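Below is one structure, written out as structure tokens; the observations come after it.
Protein chains: 2
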Amino acid sequence: MFSKTCKYGIKATLFIAQKSQFDERVSLKEIASAIDSPVAFTAKILQLLAKENIISSRKGPKGGFEIDKVLLPKITIKQVVKAIDGDSLFNGCALGLYECNEKAPCPMHDNFVSIREQLSETLASSNLLEVAINLNLGLTVLKR
Amino acid sequence: MFSKTCKYGIKATLFIAQKSQFDERVSLKEIASAIDSPVAFTAKILQLLAKENIISSRKGPKGGFEIDKVLLPKITIKQVVKAIDGDSLFNGCALGLYECNEKAPCPMHDNFVSIREQLSETLASSNLLEVAINLNLGLTVLKR
DNA sequence: TTAATATCGGATAAAATTATCCGAAATATA
DNA sequence: TATATTTCGGATAATTTTATCCGATATTAA
Ligand code: SF4
Ligand code: SF4
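Given below as structure tokens:
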């Protein structure tokens, strides 16, 4: 469903969100350790997310990553997914066919449309604050 | 959603199904040409599908691939997907988290469960005959 | 101003996926 | 039986994805 890169991205974002609730900035090392991901690869992902203005970064001592507390309830999981995996998950024929006849779609078409709408809606209506709060209950879920 | 390999596999299977309706056996070349896929790579996929008893193959002149006409309404798209991509699409946390707390799931959990059930159900209730018949209306869909 | 810290950004490398090549094996038919 | 045809199966190659390395840049604090 989502690429490995995207899953790291989601987990990292959720971890940062958790800390940002309490105005704590976290370093690359802390993040990678918390979500059990390769440090340097995680750095690339965080860089991308920072460029997309989903997280903000700061160099130097006491630096690290954070998310503006005010934005926590405004940033959705869908934004993270789109930033990393693009929106190919939501476009085109799920079966990989071409130029399907809209007037005589295959028996699965309507179901696929509905499934993707649900997925899109689920991701779009889940903000970082809401998800992070619920994950507080069991922090270990981010780690293997 | 599905790997490239899996999409080739689905398209190839549907093309064979279309021909098998009329007891026509098709060759590797015909298939690859019809679905616009790399010949040798398609051969590997067909080999796998044959091993999984989804299609049957025959060597030599007049050889090729076919599907027992009687089985056309019994073979589902889900069987094809599982043969090629396995069932990772249906298992584990969609976000890639670990050991989620079943009693206090994240806000997306129930939605993900529902989405995957729908997907699974859609694929499992679509048989080759039904889909192939509908695709007869616009054969070009298999090709770019 | 200097030194220490932490992300940035470009170059590589490893691993997984996708794609190609070619001889072997099986089959039809002449 | 001999030959042409077609899939099988193993080795190899190209591409994409995932992962690592390291010097440059920015920031903090002494
Ligand atoms: S009708 Fe079926 S094959 Fe065509 S785009 Fe929709 S899902 Fe794909
Ligand atoms: S609760 Fe959320 S995070 Fe946990 S398994 Fe379900 S979807 Fe994944």
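Chains A and B are the protein sequences, given in the same order.
Here the working numbering is used: the first residue of the first sequence is 1, the next is one more, and so on.
Here the working numbering is used: the first residue of the second sequence is 1001, the next is one more, and so on.
By construction, the Cβ of each residue, glycine as well, lies at the ideal position given by its N, Cα and C atoms.
The structure displayed is predicted, hence computed values, not measured ones.
Collapsed DSSP secondary structure at residue i in the structure displayed
| i | result |
| --- | --- |
| residue 1114 of chain B | helix |
| residue 53 of chain A | coil |
| residue 1090 of chain B | coil |
| residue 1041 of chain B | helix |
| residue 144 of chain A | Bear in mind that the predicted position of residue 144 of chain A carries a pLDDT of just 48, short of 50, making it too unreliable to give a figure here. |
| residue 1002 of chain B | coil |
| residue 15 of chain A | helix |
| residue 64 of chain A | strand |
| residue 127 of chain A | strand |
| residue 7 of chain A | helix |
| residue 139 of chain A | Only weak support is given to the placement of residue 139 of chain A: the predicted model assigns it a pLDDT of 49, under 50, and the value that follows is read from those uncertain coordinates. Here residue 139 of chain A sits in helix by DSSP. |
CB contact flag (residue i, residue j, <8 angstroms)
| i | j | result |
| --- | --- | --- |
| residue 78 of chain A | residue 120 of chain A | yes |
| residue 1150 of chain B | residue 1076 of chain B | Residue 1150 of chain B cannot be examined here, being either before or after the span of chain B that is shown, 1001 to 1144. |
| residue 14 of chain A | residue 28 of chain A | no |
| residue 107 of chain A | residue 1130 of chain B | yes |
| residue 20 of chain A | residue 72 of chain A | yes |
| residue 967 of chain B | residue 1065 of chain B | Residue 967 of chain B cannot be examined here, being either before or after the span of chain B that is shown, 1001 to 1144. |
| residue 1091 of chain B | residue 118 of chain A | no |
| residue 1055 of chain B | residue 95 of chain A | no |
Supposed close pair residue i, residue j - CB separation, criterion 8 angstroms
| i | j | result |
| --- | --- | --- |
| residue 1006 of chain B | residue 1070 of chain B | With 8 angstroms as the limit, residue 1006 of chain B and residue 1070 of chain B do not qualify as a contact, their Cβ atoms being about 25 angstroms apart. |
| residue 1067 of chain B | residue 1017 of chain B | 6 angstroms |
Are the segment 1045-1058 of chain B and the segment 1085-1093 of chain B touching by the rule of at least three beta carbon pairs closer than 8 angstroms? No, the segment 1045-1058 of chain B is not in contact with the segment 1085-1093 of chain B.
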